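Colleague: Numbering (our numbering), first residue to last: 789 to 1054.
A virtual CB, placed ideally from N, CA and C, is assigned to each residue, including glycine.
Given the structure is predicted, the values throughout are model-derived calculations rather than measurements.
#1: Would you call residue 1038 buried or exposed, if buried means 16 or more other Cβ atoms sit within 10 Å of its Cβ?
#2: Would you tell me roughly how many angstroms separate the C-alpha atoms of residue 1025 and residue 1019, rounded to the nearest one?
#3: Hey, residue 879 and residue 974 are a contact pair by Cβ (cut 8 Å); roughly how many whole angstroms apart?
#4: Pick helix, strand or coil for residue 1018, following the three-state DSSP scheme.
#5: Starting from residue 1064, trace the alpha helix (DSSP H) both ways and give me its first and last residue.
#6: What do you reckon, are the CB atoms on residue 959 and residue 895 nearer than 8 Å?
#7: Inspect the beta-carbon positions of residue 971 and residue 952 and report whether they are closer than 8 Å.
#8: Between residue 1041 and the rest of its own chain, which residues show a CB-CB distance below 7 Å, the 5 nearest in sequence each way excluded?
#9: Quick one, which of 1030, 982, 955 and 936 has its alpha-carbon nearest residue 860's?
#10: Over what stretch of residues does the alpha helix (DSSP H) that includes residue 914 continue unbroken?
#11: Apply the 10 Å Cβ neighbour rule to residue 990 and answer buried if 16 or more other Cβ atoms are within range, or exposed otherwise.
#12: For residue 909, count neighbouring Cβ atoms within 10 angstroms of its own Cβ and tell me buried if that reaches 16, exposed if not.
#13: Got a sec? Which residues, its chain only, sit under 7 Å from residue 938 by beta carbon, not counting five neighbours each side?
#14: Once the 5 residues before and after residue 1006 are set aside, which same chain residues still bring their CB inside 7 Å of it?
#15: State the CB to CB distance for the pair residue 996 and residue 881, rounded to an integer number of angstroms; the pair is presumed to be in contact (CB under 8 Å).
#16: Give me the Cα-Cα distance between residue 1045 and residue 1036, rounded to the nearest whole angstrom.
#17: What first and last residue would you give for the alpha helix (DSSP H) that runs through residue 967?
#18: Expressed to the nearest angstrom, what Euclidean distance is found between the alpha-carbon atoms of residue 1013 and residue 1029?
#19: Check residue 953 in the structure and name its three-state DSSP category.
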């Protein structure tokens, strides 16, 4: 009896808490609105982050875009390689200037090694670190050809900024504008050959082709005469050779947009 009485008491006490709640029946308009919202949620597409980024960058000014492009390529590969290049060039210059006896002969030896370092620098700058970096380069807002050309510009600017002042150490009082030209032209040519060959044939084949041209110039220097890249201002073909080589370099650079256009058409 006591148990029945206790159960009755508890039932009365908790009855109000366990009573069900009856919701109001939704109206026809509310039901239709709910169905419409569900359909809109199903039909809506996820946000395209790349499209949003492109739309945001389209609003930037041209100087801002160029600055961002240069910074992206500089930061992507870091500044350690450029610093290492400068150290190697400085050591090479000091070694040749201290051990050489004739300024002109030393200059030819120096520029040959400098251009070889240029080719190595191109190979290092255009290497693919890993598959992840290749994906990042491919998916970047900037077209791949713009990224590569910017990297080429960075390499050439740094190499020239380091090399041209160092040429005064080798030449000393012999230094002149023509000697600067004789150092600028081979650097430009081998830099362009390394870059263009990489764009057309890939990094490995491109660098091998640049090395082949370099070894052919070094080993067949006497036989090439007019076609020899490493010439001093006193040579008969000096000015003509430099003009032709610079012209060839420009034409090779112009072939890169053609390569990019062909790839888009295919």
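Modeller: Result, derived from the coordinates:
#1: exposed
#2: 8 Å
#3: That belief does not hold up - the Cβ atoms of residue 879 and residue 974 are roughly 20 Å apart, past 8 Å.
#4: In this structure, residue 1018 counts as coil in the three-state DSSP scheme.
#5: The structure shown does not extend to residue 1064, since the chain is modelled only from 789 to 1054, so the question has no answer here.
#6: yes
#7: Yes, Cβ-Cβ distance for residue 971 and residue 952 is below 8 Å.
#8: Taking residue 1041 as the centre and dropping the five residues before and after it, the same chain places the C-beta of 980 and 984 closer than 7 Å to its C-beta, in chain order.
#9: 936
#10: Note, residue 914: premise wrong, no alpha helix (DSSP H); not H, not E.
#11: exposed
#12: Classification for residue 909: buried.
#13: 857, 858 and 861
#14: Correct list, in chain order: 900.
#15: About 27 Å separates the two Cβ atoms, so there is no contact after all.
#16: 16 Å
#17: 965 to 989 is the span of the alpha helix (DSSP H), which, as asked, contains residue 967.
#18: 10 Å
#19: helix
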